[in-house]
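Numbering (my numbering), first residue to last: 26 to 470. In this text, a Cβ means the ideal position worked out from N, Cα and C, and glycines have one as well.
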Ligand SMILES: Cc1cc2nc3c(=O)[nH]c(=O)nc-3n(C[C@H](O)[C@H](O)[C@H](O)COP(=O)(O)OP(=O)(O)OC[C@H]3O[C@@H](n4cnc5c(N)ncnc54)[C@H](O)[C@@H]3O)c2cc1C
């Protein structure tokens with residue numbers, strides 16, 4: 026390669042939630058920032074495609090407000106277009122659909138969880154050894170009750186929130202999550218364009234503030250000089266671009282980041298940490314539509330007594346734009362067994378269909394729009410909560426963001442936004458924007 030290079034203060038690899046939130050914060054702080062995304066659209070696993078006029082999400086269905094994600098939007102001045110159902114979270118217990126986001130259930134869960142944490146701490150299950158806690162949530166609940174409804178409700182909460190079975194989630198993670206006062210009362214909304222609308226808005230604000238977003242472009246390697254990342258090779262169509270960058274934020278998961286720097290360039294300890302954290306979770310989603318109104322719950326309805334079905338979401342009750350006129354659009358989701366590891370895809374899809382037929386009268390007459398299986402390289406969560414890898418890397422100016430490097434006992438888009446906030450705070454303290462040279466000389470190689 027020869028000739029001048031394009032030089033950015035910050036390169037962000039991947040336009041998923043973590044990448045876009047990091048880029049928004051960097052741009053807002055004055056870093057000349059480039060986001061590079063392999064796909065022709067933004068949002069990663071929180072995106073949406075159109076099938077016959079139905080807006081079908083490829084991952085996240087609801088976005089939580091009141092946390093770091095919303096703070097990021099406010100900071101950069103992006104619109105967060107969400108609609109909020111009256112009862113966002115309900116649970117079917119017996120033949121009743123109960124509002125679990127409102128006051129009493131939420132407060133009771135929080136008290137039980139705090140008490141549970143105190144007891145668990147006495148056994149050394151949380152605190153310093155959090156991630157190593159070997160008592161699973163299923164075992165913890167079984168200590169107190171054999172009631173099938175309680176066990177089923179906990180199993181489906183683990184599935185809906187963490188995308189694993191209760192036997193796969195450390196009890197410490199479950200309890201720490203619910204010990205927060207507003208865990209169930211978090212305000213969640215649907216985007217009328219499908220979830221992609223949320224991230225398109227953030228990407229537009231990034232560009233509006235002078236950032237660059239390249240779609241259909243793939244970072245193929247990172248350049249290392251004297252133990253520091255100095256730039257990247259980017260393939261876009263038939264062209265390859267060599268880019269220089271002072272700091273690099275990777276949104277592609279720690280394993281992908283390691284591939285870009287070359288495993289041989291990382292320490293054995295770091296490689297082991299990445300391997301240990303590489304525990305992607307799985308989920309199966311059936312998107313279905315009907316001209317009949319099949320579900321009265323206006324938001325997300327979860328279940329206490331099913332084989333696999335953990336929730337059904339009703340999109341069109343608040344966002345009729347997500348389906349052609351006259352149609353209702355829903356998704357039913359399950360977490361296969363095991364969620365961490367291999368499973369029989371067709372048997373698991375059949376179990377989900379059985380539950381949907383049983384729980385949703387009229388499902389058998391519904392039109393199946395798509396069945397999505399999330400696993401492996403396109404997981405629900407890149408690391409099961411509690412086993413995340415480090416955000417830092419052996420290179421002082423290279424970080425990971427996203428759901429492979431979350432804070433303890435967090436998950437989803439809010440957790441990804443939080444990783445970006447933490448990383449940008451570190452960048453700001455170590456590589457202040459005021460010292461960045463802001464050069465731009467573009468070259469094609
Ligand atoms: C079925 C399902 C339901 C879910 N439901 C919810 C929900 O309701 N609410 C919620 O908050 N969360 C939910 N989640 C979780 C949430 O979607 C994810 O945690 C989040 O979207 C992950 O974002 P991320 O920042 O880790 O980036 P990712 O989404 O993994 O994005 C990474 C991006 O990097 C790109 N990329 C990869 N390699 C390269 C490269 N070399 N060069 C350039 N680009 C590259 C990829 O194409 C991708 O776009 C759900 C997930 C799934 C799958």
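Exercise. Can at least three beta-carbon pairs, one atom from the segment 263-271 and one from the segment 404-419, be found at a separation below 8 Å?
Worked result: no
Problem set entry | Contact under 8 Å by Cβ, residue 90 with residue 221 | no
For this session: Please report how far the alpha carbon of residue 56 lies from the alpha carbon of residue 35, in whole angstroms.
Result: 6 Å
Exercise. Could you give the residue range of the beta strand (DSSP E) that holds residue 64?
Worked result: Per DSSP, residue 64 belongs to no beta strand (DSSP E) and is neither H nor E.
Exercise. Leaving out five residues before and five after residue 426 in sequence, what residues of the same chain have Cβ atoms less than 8 Å from its Cβ?
Worked result: 43, 44, 46, 47, 274, 275, 276, 416, 441, 444, 445, 448
Exercise. Is the number of C-beta pairs between the segment 387-403 and the segment 295-310 that are closer than 8 Å three or more?
Worked result: yes
For this session: Excluding the 5 residues preceding and the 5 following residue 458 in the sequence, name in chain order all residues of the same chain whose CB lies nearer than 6 Å to its CB.
Result: 54, 55, 56
Problem set entry | residue 13 versus residue 31: straight-line alpha-carbon distance, rounded | There is simply no residue 13 to check, as the chain begins at 26 and stops at 470 in what is shown.
For this session: For chain C, find out if any of its Cβ atoms is closer than 8 Å to the Cβ of residue 386; answer yes or no.
Result: Here chain C cannot be found, since the structure has a single protein chain.
Exercise. In terms of residue numbering, what span does the alpha helix (DSSP H) encompassing residue 33 cover?
Worked result: Unbroken run through residue 33 is the beta strand (DSSP E), 31-38; no alpha helix (DSSP H).
Exercise. Is residue 54 helix, strand or coil when you go by DSSP?
Worked result: coil
Problem set entry | Which of helix, strand or coil DSSP assigns to residue 72 | coil
For this session: From the DSSP output, read off the bridge partner residues of residue 98.
Result: According to DSSP, residue 98 bridges with nothing at all.
Problem set entry | residue 157 (DSSP reduced to helix, strand or coil) | At residue 157, the pLDDT of 45 sits below 50, so the modelled position is not reliable; the number obtained from the coordinates is stated separately. Residue 157: helix per DSSP, three-state reduction.
Exercise. Can at least three beta-carbon pairs, one atom from the segment 224-237 and one from the segment 96-104, be found at a separation below 8 Å?
Worked result: yes
Problem set entry | Expected contact under 8 Å - CB spacing of residue 189 and residue 364 to nearest Å | 4 Å
For this session: Count the other C-beta atoms from every protein chain shown that fall within 10 angstroms of the C-beta of residue 373, then say buried if there are 16 or more, exposed otherwise.
Result: buried
Exercise. Taking all protein chains shown into account, do 16 or more other C-beta atoms lie within 10 angstroms of the C-beta of residue 351, making it buried, or fewer, making it exposed?
Worked result: exposed
For this session: Just the C-alpha distance for residue 50 and residue 244, rounded to the nearest angstrom, thanks.
Result: 21 Å
Problem set entry | 8 Å Cβ cutoff met for residue 439 and residue 67 | no
Problem set entry | residue 59 Cβ short of 7 Å to ligand 1 heavy atom set | no
Exercise. Thinking just about the alpha-carbon of each residue, which of 250, 81, 207, 61 is nearest to the one in residue 348?
Worked result: 81
Exercise. Just to check, is the beta-carbon of residue 276 closer than 7 Å to a non-hydrogen atom of ligand 1?
Worked result: yes
Problem set entry | Anticipated Cβ contact below 8 Å, residue 304 with residue 408, distance rounded | 5 Å
For this session: Give the secondary structure of residue 365 by DSSP, where H, G and I count as helix, E and B as strand, and everything else as coil.
Result: coil
Exercise. Taking all protein chains shown into account, do 16 or more other C-beta atoms lie within 10 angstroms of the C-beta of residue 431, making it buried, or fewer, making it exposed?
Worked result: buried
Problem set entry | Under the three-state DSSP convention, the category residue 424 falls into | strand
Problem set entry | For residue 321, the three-state DSSP class (helix, strand or coil) | coil
Exercise. Should residue 413 be listed as close to ligand 1, given that the test is whether its C-beta is under 7 Å from any heavy atom?
Worked result: no
For this session: Could you check what DSSP says for residue 221 in three-state terms: helix, strand or coil?
Result: helix
Problem set entry | 6 Å CB neighbourhood of residue 338 in its chain, flanking five on each side removed | 86, 325, 356
Exercise. Which residues mark the beginning and the end of the alpha helix (DSSP H) in which residue 177 is found?
Worked result: 173-182
Problem set entry | Beta-bridge pairing of residue 195 - partner residues as DSSP gives them | 161
For this session: Go through its chain and collect everything with a Cβ distance to residue 137's Cβ below 8 Å, but skip five positions before and after it.
Result: 203
For this session: Buried or exposed for residue 380, please, with buried defined as at least 16 other CB atoms from any protein chain shown within 10 angstroms of its CB.
Result: buried
Problem set entry | residue 115 and residue 122 closer than 8 Å at C-beta | yes
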